[in-house]
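Engineer:
Protein chains in written order, with the numbering used here: chain A, 8 to 200; chain B, 8 to 200.
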């Protein structure tokens, strides 16, 4: 089935790009890993760039799925959802031995100066993260759990930026301290009444 | 003079690595740009890795110079120094059209999973940033300008992480809003009594 093969190429390609970056990943390498016949790539994608853009969609959809499962779960208090969400990411990075980093952050760093098309899609993905946090922070403000004086959107922006920076530090320390420090810091010093 | 040629190779190599990353930069490309005879590279460096590590030292020394000029200037109040320091970086990125990013953050992202030697040096460079902020935040606490309840080291950690994340976002937006939001946020919401 065509769809399945295409999905398979995207899934395996996403994994390789997450580890090695976009520029370092060859089409042939992906096709070999996906066990797809040589030459069939262009049946599914117009170009490597087209493929790369669809990989970003894949990462964003994956993130969205996590958001729906955790951040949108209104049975939990807003701040508890944020805490659980960050903890799930910490657990993910523990399972990865603190490698890989954030695929969106990685591609932003690698491609931000090289491809306006990539930048547009990556920016939309980060905006989605920011908007999700902002919505939940606004809920927390409505419930009186955090200060009304915080600008929900700016705070969300800062949480996401701090998280991306902490992930960079984690790549160097190869432990979870940077991520745990981020989580602790925002709950002790920012997300309070 | 041998020293000058070596310094020239490092300086030009640092510029190219800042734009293209370490793995994408070829030795020959650097020697061409530095106008140094082919084959002389190994008179100065044991390997590309040795060269890369010395480029990190160069970036760190450059950062240190900025620190000495601004953050260590005790004629200004501690928080004013931090504000001026961030503003100088914002002005730098304005002059660069919001490209390039932080060379240390870039290399951390690129090399963190690939080279323990790079990681060690990059971590030391980030620790230097964190320690510098922590020292100035402790001064500000002594002067009563920021809350005693903040952990100076953790706050410093968070400022640096948020800054690296904001730089990643700047690469996508190609404007200074992410950096200005970071500066505004820490002064409005964290660095206060």
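The C-beta atom is built at its ideal place from N, Cα and C for all residues, glycine as well.
Just so it is clear, the structure is predicted and the values come from calculations on it, not from any experiment.
Is the Cβ-Cβ distance between residue 93 of chain A and residue 198 of chain A less than 7 Å?
Structural biologist: Counting from one through the first chain, the residue named residue 93 of chain A turns up at place 86. Counting from one through the first chain, the residue named residue 198 of chain A turns up at place 191. No, they are not a contact pair.
Engineer: Is residue 144 of chain A closer than 7 Å to residue 163 of chain A when the C-beta atoms are compared?
Structural biologist: Residue 163 of chain A sits at position 156 when you count from the first residue of the first chain. Residue 144 of chain A sits at position 137 when you count from the first residue of the first chain. Result yes, Cβ atoms of residue 163 of chain A and residue 144 of chain A sit closer than 7 Å.
Engineer: Have a look at A/109, A/44, A/139, A/23 and flag the residue whose alpha-carbon is nearest the alpha-carbon of residue 32 of chain A.
Structural biologist: The residue labelled residue 32 of chain A in the question sits at position 25 within the first chain. Cα-wise, what sits closest to residue 32 of chain A is A/23.
Engineer: Are the C-beta of residue 161 of chain A and some C-beta of chain B separated by less than 7 Å?
Structural biologist: Position 154 of the first chain, counting from 1, holds the residue named residue 161 of chain A. Output row for residue 161 of chain A: interface = yes.
Engineer: Taking CB distances under 7 Å as the criterion, tell me whether residue 25 of chain A reaches chain B.
Structural biologist: Stepping through the first chain from its first residue, residue 25 of chain A is reached at position 18. No, residue 25 of chain A lies away from the interface with chain B (no Cβ there is under 7 Å from its Cβ).
Engineer: In angstroms with no decimal places, state the Cα-to-Cα distance between residue 17 of chain A and residue 125 of chain A.
Structural biologist: Here residue 17 of chain A is taken as the residue at index 10 of the first chain, counted from 1. Here residue 125 of chain A is taken as the residue at index 118 of the first chain, counted from 1. Each residue's Cα considered, the two are about 16 Å apart.
Engineer: Could you name the residues of chain A that residue 185 of chain B contacts, counting a contact when the two beta carbons are closer than 9 Å?
Structural biologist: Translated into the one-based positions of the second chain, residue 185 of chain B becomes position 178. Here the neighbours are 164, 168.
Engineer: For a contact defined as C-beta to C-beta under 7 Å, what are the partners of residue 178 of chain A on chain B?
Structural biologist: Residue 178 of chain A sits at position 171 when you count from the first residue of the first chain. In chain order: 115, 116, 119, 120.
Engineer: Quick one: what does DSSP say residue 201 of chain A is sitting in, helix, strand or coil?
Structural biologist: Past the edges of chain A, shown from 8 to 200, lies residue 201 of chain A, and the structure says nothing about it.
Engineer: Run the CB neighbour count on residue 25 of chain B, radius 10 Å, all protein chains shown included, and call it buried at 16 or more, exposed below.
Structural biologist: If you number the second chain from 1, residue 25 of chain B lands on position 18. So residue 25 of chain B ends up on the buried side.
Engineer: Kindly say whether residue 130 of chain B, judged by its beta-carbon, lies nearer than 7 Å to any beta-carbon of chain A.
Structural biologist: Counted from its first residue, the second chain places residue 130 of chain B at position 123. Residue 130 of chain B counts as touching chain A.
Engineer: Could you name the residues of chain A that residue 108 of chain B contacts, counting a contact when the two beta carbons are closer than 7 Å?
Structural biologist: Within the second chain, the letter at position 101 stands for residue 108 of chain B. The answer, in chain order, is 116.
Engineer: Using a Cβ-Cβ cutoff of less than 6 Å, which residues in the same chain neighbour residue 8 of chain A once the five nearest sequence positions on both sides are dropped?
Structural biologist: For the purposes of this step, residue 8 of chain A is identified with residue 1 of the first chain, where counting begins at 1. Its pLDDT being 47, under 50, residue 8 of chain A is placed unreliably in this model, and the coordinates cannot settle the point.
Engineer: Identify the continuous alpha helix (DSSP H) that holds residue 119 of chain A and give its terminal residues.
Structural biologist: Along the first chain, one-based indexing puts residue 119 of chain A at 112. First-last for residue 119 of chain A: undefined, no H or E at that position.
Engineer: Alpha helix (DSSP H) containing residue 159 of chain A: first to last residue?
Structural biologist: For the purposes of this step, residue 159 of chain A is identified with residue 152 of the first chain, where counting begins at 1. Residue 159 of chain A -> alpha helix (DSSP H) spans 159 to 180.
Engineer: The alpha helix (DSSP H) spanning residue 98 of chain B covers which residue range?
Structural biologist: Counted from its first residue, the second chain places residue 98 of chain B at position 91. From DSSP, the alpha helix (DSSP H) with residue 98 of chain B extends over 85 to 102.
Engineer: Give me the Cα-Cα distance between residue 105 of chain B and residue 68 of chain A, rounded to the nearest whole angstrom.
Structural biologist: Within the second chain, numbered from 1, the residue matching residue 105 of chain B stands at position 98. Within the first chain, numbered from 1, the residue matching residue 68 of chain A stands at position 61. Their backbone Cα atoms lie some 28 Å apart in a straight line.
Engineer: My output table needs one value for residue 186 of chain A: the three-state DSSP class, helix, strand or coil.
Structural biologist: Locating residue 186 of chain A in the first chain gives position 179, counting from the first residue. Helix at residue 186 of chain A.
Engineer: Where does residue 77 of chain A fall in DSSP's three states?
Structural biologist: Taking the first residue of the first chain as 1, we reach residue 77 of chain A at position 70. If DSSP states are grouped into helix, strand and coil, residue 77 of chain A belongs with the helices.
Engineer: Taking CB distances under 7 Å as the criterion, tell me whether residue 66 of chain B reaches chain A.
Structural biologist: Within the second chain, residue 66 of chain B is the residue found at index 59, counting from 1. Output row for residue 66 of chain B: interface = no.
Engineer: Should residue 229 of chain A and residue 20 of chain A be called a contact, given that it needs their Cβ atoms to be closer than 7 Å?
Structural biologist: No answer is possible for residue 229 of chain A: it lies beyond the span of chain A, which begins at 8 and ends at 200.
Engineer: Closest by CA to residue 127 of chain B, which one among B/138, B/114, B/139?
Structural biologist: Residue mapping note: residue 127 of chain B aligns to position 120 of the second chain, counting from 1. Of the listed residues, the one whose Cα sits closest to residue 127 of chain B is B/114.
Engineer: Taking all protein chains shown into account, decide if residue 185 of chain A is buried (16 or more other Cβ within 10 angstroms of its Cβ) or exposed.
Structural biologist: Within the first chain, residue 185 of chain A is the residue found at index 178, counting from 1. Answer is buried; the Cβ neighbour count reaches 16.
Engineer: Mind checking whether residue 108 of chain A and residue 178 of chain A have CB atoms under 7 Å apart?
Structural biologist: Reading the first chain from its first residue, position 101 is the one you call residue 108 of chain A. Reading the first chain from its first residue, position 171 is the one you call residue 178 of chain A. Contact flag set, yes.
Engineer: So, residue 118 of chain A versus residue 167 of chain A, is the Cβ gap smaller than 7 Å?
Structural biologist: The residue given as residue 118 of chain A occupies position 111 in the first chain. The residue given as residue 167 of chain A occupies position 160 in the first chain. No, these two residues do not count as a Cβ contact at 7 Å.
Engineer: Against chain A, does residue 104 of chain B count as a neighbour if the rule is that its beta carbon must be under 7 Å from one of theirs?
Structural biologist: The residue labelled residue 104 of chain B in the question sits at position 97 within the second chain. Taking Cβ atoms only, chain A never reaches closer than 7 Å to residue 104 of chain B, which makes this a no.
Engineer: Which class does residue 27 of chain B belong to by DSSP, given the choice of helix, strand or coil?
Structural biologist: Along the second chain, read from residue 1 onward, the residue named residue 27 of chain B stands at position 20. Reduced to three states, the DSSP call for residue 27 of chain B is helix.
Engineer: By the 10 Å Cβ neighbour count, where 16 or more other Cβ atoms means buried, how is residue 72 of chain B classified, buried or exposed?
Structural biologist: As a position in the second chain, residue 72 of chain B is number 65, starting the count at 1. Exposed is the call here.
Engineer: Less than 7 Å separating the beta-carbons of residue 13 of chain B and residue 65 of chain B?
Structural biologist: Along the second chain, read from residue 1 onward, the residue named residue 13 of chain B stands at position 6. Along the second chain, read from residue 1 onward, the residue named residue 65 of chain B stands at position 58. No.
Engineer: Which bits of chain A does residue 203 of chain B rub up against, with CB to CB less than 9 Å?
Structural biologist: Only positions 8 to 200 of chain B appear in the structure, and residue 203 of chain B is not among them; the question remains open.
Engineer: Mind checking residue 80 of chain A: buried by the 16 CB within 10 Å criterion, or exposed?
Structural biologist: Walking along the first chain from the start, residue 80 of chain A turns up at place 73. Residue 80 of chain A comes out exposed.
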